[in-house]
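If you read the sequences in order, they're chains A and B.
Per our numbering, the first sequence starts with residue 1, numbered consecutively.
Per our numbering, the second sequence starts with residue 1, numbered consecutively.
For every residue, glycine included, the Cβ atom is placed at its ideal position computed from N, Cα and C.
Every value quoted in this text rests on a predicted model; they were computed, and no experiment measured them.
For reference, the structure is listed below as structure tokens.
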Amino acid sequence: MSMDPQSLWFWVLLACAAAYATKILGYLVPAAWLQHRLVTQISGVLTVALLAALVAMNTFSADDGITIDARLGALLAAAAALLLRAPFIVVVLAGAAAAAGLRMLGFP
Amino acid sequence: MTEHHDDGALLRLTPAAKTGLAIAAAISLYGISFGALAVASGLTFWQTVALSFLMFTGGSQFAFIGVIASGGSGAAAFGGATLLSLRNTIYAVQLKALLNPAGAAKYAAAQVTIDETMATSTAQQTAAEQRRGFWITGVACFVGWNLATVIGALLGDFIADPEALGLDGAVVAAFLGLLWPRLRSREPWALAVLAALITTLTMPMVPPGVPILIAAAVAVIWGVVSARKEQPL
Numbered sequence: 001m002s003m004d005p006q007s008l009w010f011w012v013l014l015a016c017a018a019a020y021a022t023k024i025l026g027y028l029v030p031a032a033w034l035q036h037r038l039v040t041q042i043s044g045v046l047t048v049a050l051l052a053a054l055v056a057m058n059t060f061s062a063d064d065g066i067t068i069d070a071r072l073g074a075l076l077a078a079a080a081a082l083l084l085r086a087p088f089i090v091v092v093l094a095g096a097a098a099a100a101g102l103r104m105l106g107f108p
Numbered sequence: 001m002t003e004h005h006d007d008g009a010l011l012r013l014t015p016a017a018k019t020g021l022a023i024a025a026a027i028s029l030y031g032i033s034f035g036a037l038a039v040a041s042g043l044t045f046w047q048t049v050a051l052s053f054l055m056f057t058g059g060s061q062f063a064f065i066g067v068i069a070s071g072g073s074g075a076a077a078f079g080g081a082t083l084l085s086l087r088n089t090i091y092a093v094q095l096k097a098l099l100n101p102a103g104a105a106k107y108a109a110a111q112v113t114i115d116e117t118m119a120t121s122t123a124q125q126t127a128a129e130q131r132r133g134f135w136i137t138g139v140a141c142f143v144g145w146n147l148a149t150v151i152g153a154l155l156g157d158f159i160a161d162p163e164a165l166g167l168d169g170a171v172v173a174a175f176l177g178l179l180w181p182r183l184r185s186r187e188p189w190a191l192a193v194l195a196a197l198i199t200t201l202t203m204p205m206v207p208p209g210v211p212i213l214i215a216a217a218v219a220v221i222w223g224v225v226s227a228r229k230e231q232p233l
């Protein structure tokens, strides 16, 4: 299991460099591309899709595919808080309380 | 409301700033478990610290140590982490269009271009709040995540399970809270449901991180089609 530290350092630093490359790449696209009307239109659509994807991923992710657990309760509690026009921090706390409460009751 | 006399100063406790700080608090507590798990996976203290400081994209970091912990090769850990970071390129393009950081600020902005900063910034209505949402979330997450990593790496197994505290539920709620204000009509609702469905259904089939890229690709197609129909979202 244990890799020698020097070889592991090589992969750690290479992966850090690659992660930074993925981030900086987006800032290096020519500004002219971003002024196109289609790009602004797609950008709004993309935000909705990315946020929805992040909600789904963080609710259902599992080591091997998908699962249903206490996080679904957190999602429903957050939706209820949002319907009641609760402030953001209350929404977040409702999610945490629902997940923690369900786990205390024995849900995975 | 703050919009009426918003002088654009970065450090003001506006709704965007509060959102960013709330997210940073929840995320940072996860940093403790990252630090503890990384050391348990066989990384040294400094390798663990380097991952949080230099890589700074949580999903990729957990993927990296997950592969190492299960006996995988360094190359496999590298591949998994990099694949999970590809979505940051999409965020960066969006944030460049939104904030256009110039000069050195661009290189700092890149380092804090992650799920949380994209989500907080793009959810704001005014330019000042978008900028504030990005930088306050970014700096607060960076400081909190790195401090927490150090604590977790030093304390190791002695710390509580973040899931018992419902922190994973807090993260779900935070992303839903950022999405919610955008669901004001039928079209964004339909797109959000479609994106969530695609993400969930593809998760068992493709490597981690890829479902978000697929959802993004579908959104681009959706955007092109709806632009043709001249129906702005």
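| Check | Outcome |
| --- | --- |
| Can you give the Cα-Cα distance for Ile32/B and Ser61/A, rounded to whole angstroms? | 20 Å |
| Could you tell me the distance, in whole angstroms, from the CA atom of Thr2/B to the CA atom of Ala119/B? | The pLDDT assigned to Thr2/B is 44, lower than 50, so where the model puts this residue is not dependable; a value taken from the coordinates is nonetheless given after this. Each residue's Cα considered, the two are about 21 Å apart. |
| Counting only Cβ pairs nearer than 8 Å, list the residues of chain B close to Pro30/A. | Those within 8 Å of Pro30/A in chain B number zero; the least Cβ separation is about 10 Å. |
| Is there a C-beta anywhere in chain A that falls below 8 Å from the one on Thr2/B? | Residue confidence is low: Thr2/B scores 44 on pLDDT, short of 50, so the model does not pin down where it sits. Its coordinate-derived value is still stated next. With 8 Å as the cut-off, Thr2/B does not count as an interface residue toward chain A. |
| Let me know the secondary structure DSSP gives Gly133/B once reduced to three states. | helix |
| With Ser235/B as the anchor, note down where its alpha helix (DSSP H) starts and where it stops. | Because chain B in this structure spans residues 1 to 233, residue 235/B falls outside the shown range and cannot be described. |
| Contact between the stretch 135-150 of chain B and the stretch 13-29 of chain B is defined here as three or more beta-carbon pairs at a separation below 8 Å; is this criterion met? | yes |
| Whose C-beta lies closer than 6 Å to the C-beta of Gln234/B among residues of the same chain, with five residues either side of it excluded? | Chain B is shown from 1 up to 233; residue 234/B falls before or after that span and cannot be answered. |
| Which residues in chain B sit within 7 Å of Phe107/A, going by Cβ to Cβ distance? | Ordered by position in chain B, no residue passes the 7 Å Cβ test against Phe107/A, which lies about 11 Å from the chain. |
| Given a threshold of 16 other Cβ atoms within 10 Å of its Cβ, counted over all protein chains shown, does Trp180/B qualify as buried or as exposed? | buried |
| List, in order along the chain, the chain C residues whose C-beta lies closer than 7 Å to that of Gly177/B? | This model lacks chain C altogether; the protein chains it does include are A and B. |
| To which residues of the same chain is Ala192/B closer than 7 Å at the C-beta, ignoring the five residues directly before and after it? | Leu179 and Leu183 |
| My output table needs one value for Ile66/A: the three-state DSSP class, helix, strand or coil. | strand |
| To which residues does DSSP link Ser61/A through a beta bridge? | Ile66/A |
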